[in-house]
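Inspection log for the structure reproduced underneath, given as structure tokens.
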Amino acid sequence: KGYPQSDSTWEPVKNLENTQGVLQHYQKLQS
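Here it is as structure tokens:
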């Protein structure tokens with residue numbers, strides 16, 4: 001909210017090493 005669309009970015013999963021547990025939980029919820 002309040003940020004331009006050009007600031008929206010996605011990080012590759014391999015860059016998110018500290019969030020692997022959270023990502024796995026999220027992916028389970030999505031399937």
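Those letters in the sequence shown? Residues 1 to 31, by the numbering used here.
For every residue, glycine included, the Cβ atom is placed at its ideal position computed from N, Cα and C.
Only a predicted model underlies this, so the values are computations on that prediction, with no experimental measurement involved.
Assigned with DSSP and collapsed to three states, Thr19 falls in helix. The beta carbon of Val22 lies closer than 8 Å to none in the same chain, with the five residues before and after it left out.
In the same chain as Glu17, and ignoring 5 residues on each side of it, no C-beta atom comes closer than 7 Å to its own.
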